[in-house]
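If you read the sequences in order, they're chains A and B. For the first sequence, my numbering assigns the number 61 to the initial residue and increments by one for each residue that follows. For the second sequence, my numbering assigns the number 842 to the initial residue and increments by one for each residue that follows. Heads up, the beta-carbon is just placed ideally off N, CA and C, and yes, glycines get one too. Values in this document were obtained by computation on a predicted structure and should not be read as measured data.
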Amino acid sequence: STLRVYTIMKAKGDLKEFKVIGRRFPTEKNKNPTLYRMRIFAPDEVAAKSRFWYFMKKLRKIKKTNGQLVYIAEITDKHPTRIKNIGIWLRYDSRSGTHNMYREYRDITVAGAVTQCYRDMAARHRARTSTIQIIKVECIPAKKCRRPHVIQFHVSIN
Amino acid sequence: MVFTRFVEIGRVAYIMEGPDAGKLCVIIDVIDQKKALVHGPVHGVQRQGLQFQRLSLLDYKIKIPRSAREKTIRKAWEKAEVDKKWEGSGFYKRIQLRKKRASLSDFDRFKVKNLKYQRNRIIRGKVKQIKREQQQKK
Chain A
61 STLRVYTIMK AKGDLKEFKV IGRRFPTEKN KNPTLYRMRI FAPDEVAAKS RFWYFMKKLR
121 KIKKTNGQLV YIAEITDKHP TRIKNIGIWL RYDSRSGTHN MYREYRDITV AGAVTQCYRD
181 MAARHRARTS TIQIIKVECI PAKKCRRPHV IQFHVSIN
Chain B
842 MVFTRFVEIG RVAYIMEGPD AGKLCVIIDV IDQKKALVHG PVHGVQRQGL QFQRLSLLDY
902 KIKIPRSARE KTIRKAWEKA EVDKKWEGSG FYKRIQLRKK RASLSDFDRF KVKNLKYQRN
962 RIIRGKVKQI KREQQQKK
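Set out below in structure tokens:
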């Protein structure tokens, strides 16, 4: 059996949104390497950094040993009391293959919706956090929502 | 049984659990099946999402548009005289009674016990008297 040298991500408590920017180490050949920014949803800064390098390795062939973190900060919601319809595009491993998904949630914060998503995926598909990759998170206008359980809250009867 | 208290925009609710327990708030929008966007400026409840499980709907409703701002809520609250109605309601009185009972000292509890005993003696005496009179009529 292989020795696991990394820890898996667990969606502990309420997730926070982090803005993480990193790049390759500058060398003689490349004095200004491209900066890469990611929106990472993680329970804390440590997990966020780890997740950033996880994606960097997969998407850009930059390892933690080859690169440097330029910026990391928690992004708090601009309007935490405004209800949003949030669309989440994700990719997850099921027992028999890997699938793409689009899910919608209604929440007052984006990080809250992503937390809901992880809980929902675990409940409905038995998908653990480490097998889920969040591809895109977007606040969508009401008329672009596709899921009936979100649309049902769009009628306001005063 | 017909339902009279609905979850609707403007419905006043009593918060049962959490840091704001015991305060009144208004439902200003519905987030999803389990949570409402709630605000209670008069009682010091910040605008937040609360689970319906934590709320106890009351009989009062104020007229506000969806996601109304603090000033609008305050005005509508005062216009509907929610605080006056609330303090005259049975629910409020029972909460105060519960609080009073919980804050009694041992001496107070002793006094209550004696008062109850005296009251029950009078009641029992009257009941016996009525029964005796009915027997005598027969």
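Proximity of residue i and residue j at Cβ, strictly below 8 angstroms
i, j, result
"G890 (chain B)", "I168 (chain A)", "yes"
"C228 (chain A)", "K144 (chain A)", "Lying outside 61 to 218, the shown extent of chain A, residue 228 (chain A) is not represented and no answer is given."
"I903 (chain B)", "V871 (chain B)", "no"
"K79 (chain A)", "Y162 (chain A)", "no"
"T175 (chain A)", "K70 (chain A)", "no"
"D900 (chain B)", "F213 (chain A)", "no"
"L95 (chain A)", "R83 (chain A)", "yes"
"A133 (chain A)", "D74 (chain A)", "no"
"V853 (chain B)", "I869 (chain B)", "no"
"V197 (chain A)", "I148 (chain A)", "yes"
"D924 (chain B)", "V886 (chain B)", "no"
"R895 (chain B)", "I856 (chain B)", "yes"
"G851 (chain B)", "I936 (chain B)", "no"
"R846 (chain B)", "L898 (chain B)", "yes"
Residue environment, residue i, which counts as buried when at least 16 other CB atoms sit within 10 Å
i, result
"F101 (chain A)", "buried"
"R166 (chain A)", "buried"
"E974 (chain B)", "exposed"
"L945 (chain B)", "exposed"
"F932 (chain B)", "exposed"
"V106 (chain A)", "exposed"
"K76 (chain A)", "buried"
"L865 (chain B)", "buried"
"I122 (chain A)", "buried"
"E164 (chain A)", "buried"
"R965 (chain B)", "exposed"
"I195 (chain A)", "exposed"
"K949 (chain B)", "Reading off the sequence shown, one finds Asp at residue 949 (chain B), where the question assumed Lys. Exposed, because fewer than 16 other Cβ atoms sit within 10 Å of the Cβ of D949 (chain B)."
Test: residue i CB closer than 8 angstroms to a CB of chain B
i, result
"T175 (chain A)", "no"
"T136 (chain A)", "no"
"T189 (chain A)", "no"
"D104 (chain A)", "no"
"I168 (chain A)", "yes"
"I143 (chain A)", "yes"
"F213 (chain A)", "yes"
Proximity test, residue i beta-carbon vs the ligand NAD heavy atom, cut-off 7 angstroms
i, result
"T87 (chain A)", "As far as ligands go, the structure on display features none, and thus does not contain the ligand NAD."
Beta strand (DSSP E) segment containing residue i, residue limits
i, result
"I197 (chain A)", "The amino acid at residue 197 (chain A) is misidentified as Ile; the sequence shows Val. Its beta strand (DSSP E) spans residues 192–200."
"V867 (chain B)", "865–871"
"I81 (chain A)", "76–84"
"I856 (chain B)", "852–856"
N-terminal and C-terminal residue of the alpha helix (DSSP H) that residue i is part of
i, result
"G172 (chain A)", "170–185"
"V968 (chain B)", "947–978"
"V210 (chain A)", "208–211"
Chain A contact for residue i (CB, 8 angstroms cutoff)
i, result
"G890 (chain B)", "yes"
"L878 (chain B)", "yes"
"D870 (chain B)", "yes"
"D873 (chain B)", "yes"
Closer than 8 angstroms to chain E by CB, residue i
i, result
"L891 (chain B)", "The chain labelled as chain E is not found among the protein chains of the depicted structure, namely A and B."
(message) In chain order, what are the residue ranges of uninterrupted alpha helix (DSSP H) at least 4 long that sit wholly in the stretch 874–940 of chain B?
(response) 911–921, 923–928
(message) If we require 4 or more residues per run, which alpha helix (DSSP H) segments fall completely within the stretch 91–158 of chain A?
(response) 105–120
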